[in-house]
Each structure stands twice: as C-alpha cells, then as structure tokens.
Amino acid sequence: MNDERTAARLRNALVERLRLGGSIRTEAVASAMSEVPREVFVPGGTSPARAYEDRVVVLSIDARGLPDSTVSQPAMIALMLEQLAVRPGMRVLEIGTGSGYNAALLAHLVGAAGEVVSVEVSAELAGAAARRLAGLGTRVDVRTGDGWAGVADRAPFDRIEATVGVPDLPPEWVEQLAPGGLLVAPMWLRPGLELAVAWERTEGAALTSVSVARCGFLQLRGPHAGPGRTHALTGDLAVIGEDLPPAALDVLRDLIDHGAVDAGPVLGPVDSRLTGFALAEPRSVLFLGHPGDGTTWGLFDPERPALAVLMRDRILVYGDRDAAVELYYGVAGAPVVDAERLRLEAVSAGTAFPPAPRPDGRSWTVERERYHYRLTEM
Ligand SMILES: C[S@@+](CC[C@H](N)C(=O)[O-])C[C@H]1O[C@@H](n2cnc3c(N)ncnc32)[C@H](O)[C@@H]1O
Numbered sequence: 001m002n003d004e005r006t007a008a009r010l011r012n013a014l015v016e017r018l019r020l021g022g023s024i025r026t027e028a029v030a031s032a033m034s035e036v037p038r039e040v041f042v043p044g045g046t047s048p049a050r051a052y053e054d055r056v057v058v059l060s061i062d063a064r065g066l067p068d069s070t071v072s073q074p075a076m077i078a079l080m081l082e083q084l085a086v087r088p089g090m091r092v093l094e095i096g097t098g099s100g101y102n103a104a105l106l107a108h109l110v111g112a113a114g115e116v117v118s119v120e121v122s123a124e125l126a127g128a129a130a131r132r133l134a135g136l137g138t139r140v141d142v143r144t145g146d147g148w149a150g151v152a153d154r155a156p157f158d159r160i161e162a163t164v165g166v167p168d169l170p171p172e173w174v175e176q177l178a179p180g181g182l183l184v185a186p187m188w189l190r191p192g193l194e195l196a197v198a199w200e201r202t203e204g205a206a207l208t209s210v211s212v213a214r215c216g217f218l219q220l221r222g223p224h225a226g227p228g229r230t231h232a233l234t235g236d237l238a239v240i241g242e243d244l245p246p247a248a249l250d251v252l253r254d255l256i257d258h259g260a261v262d263a264g265p266v267l268g269p270v271d272s273r274l275t276g277f278a279l280a281e282p283r284s285v286l287f288l289g290h291p292g293d294g295t296t297w298g299l300f301d302p303e304r305p306a307l308a309v310l311m312r313d314r315i316l317v318y319g320d321r322d323a324a325v326e327l328y329y330g331v332a333g334a335p336v337v338d339a340e341r342l343r344l345e346a347v348s349a350g351t352a353f354p355p356a357p358r359p360d361g362r363s364w365t366v367e368r369e370r371y372h373y374r375l376t377e378m
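Letter 112 of the sequence shown, counting from 1, is numbered 112 in my numbering, and no numbers are missing.
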C-alpha cells in the first residue's frame, strides 16, 4: 500500500514536470499518464524513483551489446501521444510493443469503446507485455511479428503510432490508415537527424506532416531496417551512416586502427549547424562511444580513404587530411535548421513532388526505397 502511494506520488510529480516542460499539453494525455502505473512496465528490481525519472529504461540488449528494447523516455512518449491526438472510441495500431507501457496509455486514451492492437517483433517481449497488460485488466491485442507489414486483418486504423525508428514508411501503414487518420513515426532521415513526424494522407504528396518534433528512438529490427542503421565497429564503438556496406566498415576500422592526427581547433559554436550539415552531406557519420565522448559527428569517405571527426572543440583526421578541411567548412557553412519548422512531404519513390509548399524556402530531399521525402523550411 505504501509502495502504491509512493508510486502515485512520483507519477503525479512526473506528470507535472512534463506539463511544465511542454511535452504534455492536453488533459487526455495527463490523465492517461497519471493513471497508468509505469512501475509495472519497467524491469523487476527497478526502484519506483527510477521508474518515474524522465529517462529511458533499457529492457533488453542484443548480441552486440546495444539496447534492442526500451521503455521510452516519458517526455518523448507524451510528445508523440500529443502528436497522435487520440480520441475515445478510436482504433489504434502501435508498432513496437516493448514493455506494453505506451500500449496501456493508448488503451486509456481510446477508452472502452476503442481498440488497441500492438505488434512486437520479439515473441518474448510480446508475451511479457501481454501478461502485464492482462494483469492490469487493460484490453490490448498484442501480436508477435514484423510490424513493417502492419496488421491487415484489423485495419483500417484511425491512428498508427510507430514507437521504433524507421528509415522509410511501409506503404502498408499508409494503406491501413482510415480516411482522415494520422500516422506518427520516428523517422531516421540522416545520421543524427531523427524526427517524430505526424503524417496525414494528402492530395499531391502521398503524405504531409502536420507536426514535427526532434526525437531519439531505437531502430526497426528485421529486413526493413534500411540505411542509417547502427553498425558495431570495435569494442564499444558503433557508427551510423547512410551507406556503410561491410567493405566500407573494414576501411573505417583500418583508418581508426592507424590513429588520428589533430587537425586543429574548431572555431565558434557548431552544434546548431549539425542538422544542416547532415542534410546536405551524404558522407556524414555519427559515432556512438569512442573516438569522441558520447556522440561524435564525422565525415567518412571510403574512396579516399579518409575520416574526419568533430571532437568537442577540435577536428581529428584519419587518412587523407583534406577530409578535415571538408568537415570544417561543411559544418561551418551549414545552415542552422530548426527541425520544428520543417514541413515534410512523402511521395511514392519515382513520383514527382507537388509544387513546393514554400518556393523561396530551403529544402532537402531524402530518397528511400518506398518513398522520397522532401523537407522544407517554413
Ligand atoms: C523503443 S521500444 C518501444 C517502447 C514501447 N512502446 C514501450 O512503451 O515500452 C521499440 C520496440 O520495437 C520493437 N521492434 C523493433 N523492430 C520491430 C519490428 N520490425 N516490428 C515490431 N516491433 C519491432 C523492439 O523489439 C522494441 O521492443
């Protein structure tokens, strides 16, 4: 009883923090997050205090030592639920059940008259989530399978939410969306550029964004992980890049083995320019772990071969030294892009984009197998 009271107090405090921080904007989301007990969905042994920190909790780790399932960060969950705008009575599909926590929030939002279907690629996680949800008396149809295909036998859905990052959208999700429906997905567009996009079907473009927020999510598992996935290099070092076949990864390992030369200081703040750099430079890569602290941006050219990485205030270069100059000017000359002011459009690959929403605005395109995406600054 005491534990339950502690959890309720911590839960309400978290909801207040998320309201103040702007991630919770509606009473519907506040009420769902005040009532669904997050402590039930985190791994056993996690303290209630930890369960209600605004932090991600790891559920499982893959063979490479990287997390492959997490209970997402509460602020991110709230933000995406606000983007999703779920109303009572709706039919909702979630991709990436994980712990089942977000599915429980969705079930709260749709109420008794609505339906939630959630699909998880790991049978073990799906089973555990289904048991937790049943234990709370929460009605969610949990399926095991590759969520890329959606769940055709329960379509159409008023809302589809992916809680796992995707490099592209499967046409199946678009087909399974009811007229007027919304699809929210974390899109891996370039290394380090991940946007939670709320999409609606539109004339002209297949889909147009109605809201965009920065986010950070695990990547989709399975055959549709696409470009931009995380590759383990050596030890605790992993890299994300657009086009890194095994031969390019061997070149990268070799460059790193041979050591770096300090190419000098970086002048001025560059953080605000990294999004613009990643959008304009297909050779941009993002390292996780060493050689930088935390995450490190770089430019990798397997042909030269060369790698330049941006440390906190210096550039290190491996191989051809000109790469340092290219990285320096690439970042320094990149525009500051405010992700939340971007409008995204998706057209089926091979189809022309409609006239630009703002002809004098800067725009970039990202081409994937199923859809081509245009990002325009509004
Ligand atoms: C960030 S976690 C989701 C968090 C979850 N919604 C929660 O509330 O705990 C991402 C989940 O997506 C799952 N996943 C990855 N690839 C998938 C796929 N192709 N189909 C379905 N689920 C997938 C992972 O196993 C992981 O559990």
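Glycine included, C-beta positions come from ideal geometry on N, C-alpha and C. This one's a predicted model, so the numbers in the text were calculated from it and none came from an experiment.
Which term fits S47, buried or exposed, when burial requires 16 or more other beta carbons within 10 angstroms of its beta carbon? Classification of S47: exposed, given that the 10 Å Cβ count is below 16.
Beta carbon of A278 nearer than 8 Å to that of S284: yes
Under 8 Å: do the segment 340 to 357 and the segment 319 to 326 share three or more Cβ pairs, one atom per stretch? Pairwise C-beta distances place the segment 340 to 357 out of contact with the segment 319 to 326, as fewer than three of them are shorter than 8 Å.
Whole beta strand (DSSP E) runs in the segment 263 to 333 with 3 or more residues, listed along the chain? Correct list: 284 to 288, 295 to 301, 306 to 310 and 314 to 319.
Between S99 and ligand 1, is the CB less than 7 Å from at least one heavy atom? yes
Cβ-heavy atom distance between V251 and ligand 1 below 7 Å? Shortest gap from the CB of V251 to any heavy atom of ligand 1: 7 Å or more.
Return the chain-ordered list of same chain residues with a C-beta closer than 6 Å to the C-beta of L310, the five sequence neighbours on each side being excluded. W297
Assigned secondary structure, Q83 (DSSP; H/G/I helix, E/B strand, else coil): It is helical.
Contact check, P335 vs R312, beta carbons under 8 Å: no
Measure the beta-carbon distance from T275 to A339 and round it to whole angstroms, keeping in mind my assumption that it falls under 8 Å. 6 Å
Considering only the beta carbon of each residue, do P170 and G145 sit closer than 8 Å? Result no, Cβ atoms of P170 and G145 do not sit closer than 8 Å.
Per-residue DSSP class, three states only, for L14: helix
Are the CB atoms of A129 and V116 nearer to each other than 8 Å? no
Would you kindly work out how many angstroms separate the C-alpha atoms of D360 and E203, rounded to a whole number? 22 Å
Write down every uninterrupted run of the beta strand (DSSP E) in the segment 137 to 203 whose length is 3 residues or greater and which is fully enclosed by it, in chain order. 141 to 144, 157 to 162, 177 to 190 and 193 to 201
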